[in-house]
Each structure stands twice: as C-alpha cells, then as structure tokens.
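Residue numbers for the sequence shown follow the numbering used here, so the first one is 845 and each next one is one higher. One structure below.
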Amino acid sequence: MLKILFTKEEIEGAVKRLASLIGADYDMEKIIFICLLKGSFVFASDLIRKIKNPVEIDFMRVASYGSGTTTTGNVVIMKDIEVDISGKHVIIIEDIIDTGLTLKKIKDILEERRPKSLKICALLDKRARRKVPVEGDYVGFTIEDGFVVGYGIDYAEEYRNLPYICVLEGERV
Ligand code: PRP
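Put into structure tokens, the structure is as follows:
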C-alpha cells in the first residue's frame, strides 16, 4: 500500500527553498552538479532548473554489492563523471541519505580530485539510520525510517515515475 508522505506541491516548495539557499551561497559562481543515478535524476532535473547560477551537470552511478535492501559499503563506480572538477565548485545531488555509506565513498573519491568546494544537496535525509558521519549541506526533508518511493526513488525499479513521495507499507522489503 502506498501512503503519500510529500505531495507534488510540498516537494516543489522544498526544491525552491533549496535552490534559493544554493543561489545565495554561490553568488553567481559556476556550479558543477553531480547527479547520482538513478534515484536522483528527477530531483536533479527540477533543482537545476530553479538555479540561476551558471551550471554544468554530470552523472555518476555506483553500485553497492551485498544482499538485501541496504547499502553494504562495498561501493563500486559503475559510471564515472566525465567533467574535470579540480578547482571547481561541486554539489552532489542525492535523492536520499540513508546509512550514508554511498555518499561517504563518493565524497572521498571526489575530494581526491581537488574541487574548490564539495557539498551535498539531498532531498530526503533518514538521519536515524546513519552508519557513518555524513551530513547533507542542503536537505529538503528529514524523515523517519520507512521505505519511501516515488519522485525518482524505486522499489525493485518500480514507482520512480510517481510525481509525489510515498511510504510503501505492508510489503516485504
Ligand atoms: C539509494 C539512494 C542513495 C543510496 C542511499 O540508491 O539513491 O544513493 O541508496 O543509501 P545509503 O545512504 O545507505 O548509502 P540505490 O542503491 O537504491 O540506487 P538507485 O539510486 O539506482 O535506485
């Protein structure tokens, strides 16, 4: 069963707020956004269209090996970015921070490439589930534990097309 957690309008409000916070912090400087596939593509496409700074966008996909629905920490790059980020302002766009293992690994990889700055913009933050200390610099909503889908986020590759965010209840996940 799907229970709506955030409506289309609530998400739109959060995206607007995040874009204006980012705009205020970067003062018309160029920003390279790195969208983490697949889950972040919907959020990224809405967010960058609200940003007035000059932007570049690139995509990265990592896979986490292991069983079950949670991240294991064995994070491997499946698709790397193509842009050179050294000396550039970079913001990672993430749909959801859960254990933090994915972002911790990606942050470490990107830091080695010496960006001028590196921040994280996450739509959802499941703070209570964190296993490693990673903080979103820009966060849309902090949420409780529970399986969320929609607005790019899947369960077994389904539900990414929902325009709102739901909690999936009563399924074995
Ligand atoms: C999800 C989500 C984050 C990660 C968060 O991706 O998009 O990238 O898990 O988990 P963590 O904080 O515990 O590391 P997923 O592996 O489901 O891939 P997808 O984006 O392709 O759906």
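Cβ atoms here follow ideal geometry from the backbone N, Cα and C, with glycine treated the same way.
Distance from the C-beta of Glu979 to the nearest heavy atom of the ligand PRP is not below 8 angstroms. As a beta-bridge residue in DSSP terms, Asp969 pairs with Ile941, Thr986. The DSSP assignment places 885 to 892 as complete runs of the alpha helix (DSSP H) inside the stretch 863 to 917, in order along the chain (cut-off: 4 residues). Inclusion of Ile875 and Glu900 in the CB contact set at 9 angstroms is warranted, their separation being smaller than that value.
Of the heavy atoms belonging to the ligand PRP, at least one sits nearer than 8 angstroms to the Cβ of Lys882. Burial check for Ile936: the Cβ neighbour count within 10 Å reaches 16 or more, so the residue is buried. Shown here, Ile929 sits in coil according to DSSP, grouped into three states, outside any helix or strand.
Shortest Cα-Cα distance from Arg905 to any of Lys894, Val919, Val886 involves Val919. Judged by DSSP secondary structure, Ile1009 falls within the beta strand (DSSP E) whose first and last residues are 1009 to 1012. In this structure the stretch 954 to 969 touches the stretch 921 to 931; the number of beta carbon pairs closer than 8 angstroms is three or more. For Leu967, the CB contacts under 6 angstroms within the same chain, skipping 5 residues up- and downstream, are Phe887, Asp939, Gly984 in chain order.
Closest in alpha carbon position to Leu862, among Leu849, Asp981, Tyr995, is Asp981.
A check of alpha carbon separations from Asp989 across Leu1006, Thr946, Glu1002, Leu1012 identifies Leu1012 as the nearest.
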